[in-house]
Amino acid sequence: MIRGRRECRQVNDASVGTLVLIEGQVFDGGGNVIPDALVETWQADPPSDARFSGYGWAHTREDGAFRFETVKPGRTPAPDGGEQAPHIVVSVMARGILTRFLTRIYFEDEASNAHDPVLALVPEERRGTLMARRTGQGRYRFDLVMQGAGETVFFDV
Numbered sequence: 027m028i029r030g031r032r033e034c035r036q037v038n039d040a041s042v043g044t045l046v047l048i049e050g051q052v053f054d055g056g057g058n059v060i061p062d063a064l065v066e067t068w069q070a071d072p073p074s075d076a077r078f079s080g081y082g083w084a085h086t087r088e089d090g091a092f093r094f095e096t097v098k099p100g101r102t103p104a105p106d107g108g109e110q111a112p113h114i115v116v117s118v119m120a121r122g123i124l125t126r127f128l129t130r131i132y133f134e135d136e137a138s139n140a141h142d143p144v145l146a147l148v149p150e151e152r153r154g155t156l157m158a159r160r161t162g163q164g165r166y167r168f169d170l171v172m173q174g175a176g177e178t179v180f181f182d183v
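Residue numbers (the working numbering): 27 to 183.
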């Protein structure tokens, strides 16, 4: 795999919305870091910011770490006519993984999580694997566990 950037900055000084930093690591089923994963993100554009691409990517390195500087997404329409909670779609690929793994990042401090139709499909005891934990003002931690105990919920789409 080509080594690229470990950090992705999707924002600039003119960005609209609440800036957030999401940091995490990618782990295998044995609890070891995955040093060569490709982590991609897609998210809704912040309101009124046509310059925001909504896409980012980063490669993990020896410590399995990645980092995204972005804008907290807003709510998006749901198929049932309601709204989804703010979330970021995540794709993970790495050596030994023959298919793309897809998941979502939700924000643990977001009240609208309680009404998100996709999150409601996930068994309550597993929803925590989709939550970015607030670690400070505008900072969140989100680890990806590819299998085993504490495995992140991945979606079959």
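We put the CB at the ideal spot given by N, CA and C, even for glycine.
- According to the DSSP assignment, arginine 159 belongs to the beta strand (DSSP E) that extends over 157 to 162.
- In the three-state reduction of the DSSP assignment, arginine 101 falls in the coil class, being assigned neither a helical nor a strand state.
- When C-alpha distances from isoleucine 60 are compared across Gln51, Gly43 and Gln163, the shortest belongs to Gln51.
- A contact between stretches requires three or more CB pairs, one per stretch, nearer than 8 Å, and the stretch 91 to 108 fails this requirement with the stretch 119 to 127.
- In summary, phenylalanine 53 is buried, with 16 or more beta-carbon neighbours lying within 10 Å of its beta-carbon over all protein chains present.
- In terms of Cα proximity to arginine 153, the closest of Arg165, Glu88, Gly57 and Thr129 is Thr129.
- A check of alpha carbon separations from leucine 45 across Gln163, Met157 and Ile131 identifies Gln163 as the nearest.
- The C-beta separation of threonine 96 from alanine 70 comes to about 11 Å, leaving the pair out of contact by the 8 Å criterion.
- According to the DSSP assignment, isoleucine 114 belongs to the beta strand (DSSP E) that extends over 113 to 119.
- Per the coordinates, the alpha-carbon of valine 118 lies some 5 Å from the alpha-carbon of valine 65.
- Counting along the chain, threonine 67 sits inside the beta strand (DSSP E) bounded by residues 64 to 69.
- Phenylalanine 92 places its beta carbon less than 8 Å from that of alanine 84.
- Just so you know, the alpha carbons of tryptophan 68 and alanine 137 end up roughly 21 Å apart.
- When only Cα atoms are considered, tyrosine 81 and arginine 160 end up about 22 Å apart.
- For arginine 130, the enclosing beta strand (DSSP E) begins and ends at 127 to 133.
- Around arginine 126, the same chain offers Ser117 and Met119 as residues with beta carbons nearer than 6 Å, after the five sequence neighbours per side are excluded.
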